[in-house]
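Encoded as C-alpha cells, the structure appears first; notes follow it.
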C-alpha cells in the first residue's frame, strides 16, 4: 500500500515517525511528512512506501479495511442475516454509501406511510440538490437505487439506517472519527428518568444517527436538539426523528457542525434563545482520536478556576476564555467542558467515556474540572460494549451547581459529600474526598474504611521513590527477527514480563544479540548491567517485582528500578513493593492494568531502623532462595511498621480478593 506523505502524517505520531526512520522503514532521514515538503504532491518521489501491516495491526487500526457488524446495536438479533445481505448488496454493486442510505430512507418512510407528508418532503428536498462543505461526498445531491427502494426492510429496529451505516463503515474510518454508535440499552439507561414536563431542553452534541434522542421518553420535538459533524449521520438522525414523531408536523432541530466550533446562530433566528443553554446534555462524544492538529476549541464558561498563591481554588477574572483548561487536547474532555458551560443551573449531563478517564494521568485535567465544577453524581461501569473495541467504559453523571462537591468536602465534613458508584451490579457510595487522595486525582472506589487506612499509611510514610533510578526495557522494534528461541553464537538471555514472578525470575525463554544501535529504544547500559536491580511487570493489575543480580537484559514488557530509599537495602524495598499492603494501596489508589512509574513514586515508604532493615532483608533473601513459607512473617512485619490493626488487615485481604463490601 502506498500513501501520500500528508496522509501518512495524519496517521502516525511524531514518535512513531522517528522510530520508523531509525529502523529503516522510512529511508529518507531528512523527510518531513507534512505538507510543507511536498513541492509536487503528484511526484511519485514524494511518496513513501509503507507496508500495510504497520498501519493496521495491533493498536494502529486507522487503515483497517474490516467491516465489523455491530451486533450490540441490533434490537433483534434475527435481523443480522438480513442486514448482512443488504450491506453485501451495497458493497458488491459499489453503491455510494450516501445514496444507499438515502434510498433506504425513502424505502423506510414509504413503508411507514410517511413519504407523502409535506414536512417530511421539506426535509428531503433540502438534500436533493444539497451542497455541504462538511464532506466532499456531499457536494452533490442524493440519488436513488431502485433495488434498495423495493428491498423488504425489518420493522423492529430502533435505528435501522444507523445500523446499516455502521456496518458499511470500515474499522479504520470508525477509529479515525472516534465514531461508535451507542447501544440502545445504554442510551435508554443513561436518559432514564429525565423529566420534560416543564419544557426542559435536551441536547446531544455528538448525536450520530440519534440513538440518545430516540431513547427519550415524554419529550416533544421542540425540546430535542442534536449536533454532529457527519452530514450523513445528521441526515439519518433527522429521518429517525421524523419516524419517532410520525404523527407530528415539525422540522428536526439537528445541525451539521462541530460542537466545539459551534456558533450560537446556527440554530436559526427562532432557535437562538433556546440553544443558549440546556437542561440535559447526554452523549457518547468522539474518543480515541489520536490528534486533530487543526482543531480549534472555544470553551465558553461562566466560571473558571485557578489556584491562588495559597494553593486554593479562586474564581478567575476571565469569564469567557477562549483557551480551554483541558491541556491534553482530548476531544471527549473538551466536549465535557463545553457541555457543562451550556448547561442551565442545576442542569444534568451524562457522558459515556472510556474507562481510562478514571485514572490515566493524561486525563487528570478532566478529573480536576469535574471535581471543582459542579456535582459529580454517579459513575457507572460498563464492560466491552462496542464490537471490535476492547475498551471498557463508564458513564459520568454530573450536575451543574454553584459550589462543587470537592470544595464542599474540603470545607465541611469530608464524608458528607459522596458519589454513587455502580460496578458489577453493586452500588455503593464513595466520598468525594477519596478522589483527592492521589496526585492525579484518580476516581478510585474507596470506602470510609479505605480512607482511614490510607490516611494511616501516609502519616507513617516518610520517603518515596522519586530519587530512584528508573529504566525501560529494550524496544527492539522487530521482536519477530530480534528474538531467538534458542541460543545462537553471541546471543544472551533476555527476559520479558512473563518471566517475572514475585521476588525472583523464572527461566528466560528468549535470546538476543545485544547490539544497542539496532534497537528502537534502549536504556543506559549501566542500568541493565547493574550489580543489583529490581524489575517489574509493566502490564499487570498487581505489583510483581523480582530481584536480579545477573546483569540480565529485559524486554519492554518489564521495567527496571534501582531504588534509593534512606536506610533501606534493595531487598528491603523489594519486600515492601511485593507486600499485601502495597498491593492494596496501589490497587485502590490507581487501579490500572499498567504499573506506572508516576504511581509507584507516590507509594509512601516508612523510616525504619537498621535492625528492621536487616531483618526484612534477611527474610526477603530466604524467599528469593525458595523459602516461600516465611512470606507470612514478612507480611506481618510490614503491617506492624504501619500499625495496621487485625481488623484493617482483614479488610485489606478482602479488597485484594475482590470480596470487600465498598
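Residue numbers (the numbering used here): 360 to 1021. C-beta atoms are modelled at their ideal positions from N, C-alpha and C, and glycine is treated no differently.
- Task: Determine the direct distance from the alpha carbon of residue 1000 to that of residue 782, and round the result to whole angstroms.
- Result: In a straight line, the C-alpha of residue 782 is about 33 Å away from that of residue 1000.
- Task: Determine the burial state of residue 968: buried for a count of at least 16 other Cβ atoms within 10 Å of its Cβ, exposed for fewer.
- Result: Taking all protein chains shown into account, residue 968 has fewer than 16 neighbouring C-beta atoms within 10 Å of its C-beta and is therefore exposed.
- Item | Burial state of residue 492, where buried means 16 or more other Cβ atoms lie within 10 Å | Note that residue 492 has pLDDT 38, beneath the 50 cutoff, so the model's placement of it is unreliable and the number below is only indicative. Flag for residue 492 reads exposed.
- Query: CB-CB under 8 Å to residue 910, same chain, minus the five flanking residues each way: which ones, in chain order?
  - Reply: Cβ within range, chain order: 887, 888, 889 and 890.
- Name the DSSP bridge partner or partners of residue 754? Partner(s): 711 and 739.
- Looking only at its own chain, which residues have a Cβ that is under 7 Å from the Cβ of residue 827, when we skip the five neighbours before and after it? Taken in chain order, the residues that qualify are 920, 921, 922 and 923.
- Task: Mark residue 1005 as exposed unless 16 or more other C-beta atoms lie within 10 angstroms of its C-beta, in which case mark it buried.
- Result: Flag for residue 1005 reads exposed.
- Query: How about residue 729 and residue 757: are their beta carbons less than 8 Å apart?
  - Reply: A contact, by the Cβ cut-off of 8 Å.
- Query: By how many angstroms is the C-alpha of residue 1008 removed from the C-alpha of residue 796?
  - Reply: The C-alpha of residue 1008 is placed about 20 Å away from the C-alpha of residue 796.
- Cα-Cα, which of 557, 952 and 464 is closest to residue 505? With distances taken between Cα atoms, residue 505 lies closest to 464.
- residue 485 (DSSP reduced to helix, strand or coil): Residue 485 sits in a helix when the DSSP states are folded into three classes.
- Query: Do residue 858 and residue 870 have their C-beta atoms closer together than 8 Å?
  - Reply: No Cβ-Cβ contact shorter than 8 Å links residue 858 with residue 870.
- N-terminal and C-terminal residue of the alpha helix (DSSP H) that residue 450 is part of: It spans 439-451 - the alpha helix (DSSP H) in which residue 450 sits, taken as one unbroken run.
- Message: For residue 751 and residue 735, what's the separation of their Cα atoms in angstroms?
- Response: Distance between the alpha carbons of residue 751 and residue 735: 20 Å.
- Item | Whole-number beta carbon distance between residue 615 and residue 638, since they are thought to touch under 8 Å | Contact doesn't hold; Cβ gap of about 23 Å is too wide.
- Boundaries (first-last residue) of the alpha helix (DSSP H) holding residue 456: Here the alpha helix (DSSP H) through residue 456 covers 456-470.
- Task: Locate the alpha helix (DSSP H) running through residue 838, then write down its first and last residues.
- Result: Residue 838 -> alpha helix (DSSP H) spans 838-841.
- Item | Rounded straight-line distance, which links the Cα of residue 846 to that of residue 618 | If I take the Cα positions, the gap works out to 58 Å.
- For residue 358, which of 872, 901 and 567 has the nearest alpha-carbon? The requested residue 358 is not part of the displayed model; the chain covers only 360 to 1021.
- Item | Option in 511, 591 and 942 with minimal Cα separation from residue 528 | Comparing Cα positions, the closest option is 591.
- If you draw a straight line from the C-alpha of residue 702 to the C-alpha of residue 608, how long is it? Computed Cα separation, rounded: 28 Å.
- Message: Mapping the DSSP letters down to three states, classify residue 918 as helix, strand or coil.
- Response: The answer is strand: DSSP assigns residue 918 an E or B state.
- Residues that residue 829 bridges to, as DSSP identifies them: In the DSSP output, where bridge partners are listed per residue, residue 829 has 920.
- Message: Can you tell me where the alpha helix (DSSP H) holding residue 981 begins and where it ends?
- Response: First-last of the alpha helix (DSSP H) with residue 981: 969-983.
- Query: Where does residue 581 fall in DSSP's three states?
  - Reply: The answer is helix: DSSP assigns residue 581 an H, G or I state.
- Query: Taking buried to mean at least 16 other C-beta atoms within 10 Å of its own C-beta, is residue 393 buried or exposed?
  - Reply: Because the pLDDT at residue 393 is just 40, under 50, the model does not fix this residue reliably, and the value given afterwards should be weighed accordingly. Exposed.
- Query: What's the gap between the Cα of residue 777 and the Cα of residue 1002?
  - Reply: Rounded to the nearest angstrom, the two C-alpha atoms are 28 Å apart.
- Query: Going by alpha carbons, who is nearest to residue 709 out of 593, 550 and 793?
  - Reply: Closest option to residue 709, Cα to Cα, is 550.
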